[in-house]
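So our numbering is basically just the index in the sequence shown, starting at one, shifted up by 30. Where is the CB? At the ideal position from N, CA and C, for every residue including glycine. In this text the structure is predicted, and so the values were computed from the model without any measurement. First the structure, in the form of structure tokens, and then the observations on it.
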Amino acid sequence: MGQRVRVLLDTNAFLRQVGYENGKLGKHAARLLLEADGVYVSAISITELHVKTMIGKLNFPQNIQREILRVGDNPLSFDANDADTLPDFPQLTRHDPFDRMLLAQAARDGLVLLTADEILLGLGLPYVQDARL
């Protein structure tokens with residue numbers, strides 16, 4: 031790999047990385063994480079995990095931040111500047127809001143977004159990579 035990158039795991043990729051989700055990260059994705067200058071999970075994913083646990087869609091441990099530190103660097107905050115990037119993706123208006131925010135954060139902060147989301151992958155953006163490959 032040429033230039034080293036910083037990687038943002040989307041929520042599903044994070045769950046795969048910690049072994050909580052069915053399926054593992056693909057070989058390319060695993061290599062990308064090993065060679066990255068930084069691996070991050072967003073506060074957006076922490077929120078999504080708590081919300082899904084609260085409504086019974088997921089049974090994730092309460093100490094999510096400990097799991098995040100196990101796989102990467104400190105969690106990334108989502109700020110107003112990240113939010114201002116959301117209008118750059120009008121084609122995602124009806125898509126999952128957590129995914130839209132993660133994409134906006136990756137775009138603004140110059141991060142590679144590792145995801146298995148077909149909609150995000152279908153955008154053809156070079157910084158959106160398939161977590162399954």
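- With a contact defined as Cβ atoms closer than 8 Å, Leu163 and Leu150 miss out at about 14 Å.
- Nearest in C-alpha terms to Ala161, of all of Arg138, Leu88, Leu143, is Leu143.
- In the three-state reduction of the DSSP assignment, Asp112 falls in the helix class, which pools H, G and I.
- Inside the stretch 131-163, DSSP marks whole beta strand (DSSP E) runs of 3 or more residues at positions 142-145, 158-160, from first to last along the chain.
- A Cβ-Cβ separation of about 14 Å leaves Tyr70 out of contact with Arg34 under the 8 Å criterion.
- Judged by DSSP secondary structure, Val71 falls within the beta strand (DSSP E) whose first and last residues are 68-71.
- If you check the CB distance, Phe108 and Met131 come in under 8 Å.
- Contact between Ile74 and Phe128 holds, since their C-beta atoms are separated by about 6 Å, short of 8 Å.
- Residue environment analysis places Leu64 among the exposed positions, since fewer than 16 neighbouring C-beta atoms fall within 10 angstroms of its C-beta.
- Between Phe90 and Leu79 a beta carbon distance of about 5 Å is seen, short of the 8 Å cut, so the two are scored as contacting.
- Going by DSSP, Leu62 is part of the alpha helix (DSSP H) stretching over 57-65.
- CA-to-CA, the gap between Ala60 and Arg46 works out to about 11 Å.
- In the DSSP secondary-structure assignment, Val37 is bridged to Val69, Val142.
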